[in-house]
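Take a look at the structure below.
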Amino acid sequence: MSDTETVYSDAKSNIIKRLNRIEGQIKGIQKMLENNKGCVDMLTQVAAVRAAINKVGGLILENYSVNCLENAVSAEDKERVVRDLTKTIQSFLRFAD
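Residue numbers (the working numbering): 3 to 99.
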């Protein structure tokens, strides 16, 4: 396994763990709603989920960026690779708060 594959594998494992935690948080919010918990408590959990999912998006974007830049170093069409990276970043930022 190359260094890049090891880093990607570690990042992938970290992202999966984070997504599993987020899934648990979502289920917790559902239970809070079913049990008529307070609005403030539910909104606090919703804010935590939003922050957590933004972090996951940032990690995915970071890994994509590294991969994209590595390809740019070896690619003849560096402008296209950088354009693709820029487009992806702009798309992510449009959906992130």
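Idealized CB from N, CA, C, for every residue including glycine.
Residue i burial status per 10 Å Cβ neighbour count (16 or more: buried)
i	result
V42	exposed
Where the alpha helix (DSSP H) containing residue i begins and where it ends
i	result
D79	No alpha helix (DSSP H) holds D79; DSSP gives it neither H nor E.
Where residue i falls: helix, strand or coil (DSSP)
i	result
D5	Residue confidence is low: D5 scores 49 on pLDDT, short of 50, so the model does not pin down where it sits. Its coordinate-derived value is still stated next. D5: helix per DSSP, three-state reduction.
G30	helix
N56	helix
K19	helix
K39	coil
Whole-Å CB distance - residue i paired with residue j, under 8 Å assumed
i	j	result
N56	A13	Actually they do not touch by this definition, with Cβ atoms about 16 Å apart.
V51	I24	6 Å
L95	C70	Actually they do not touch by this definition, with Cβ atoms about 16 Å apart.
Q47	G60	The Cβ separation is near 20 Å, so there is no contact.
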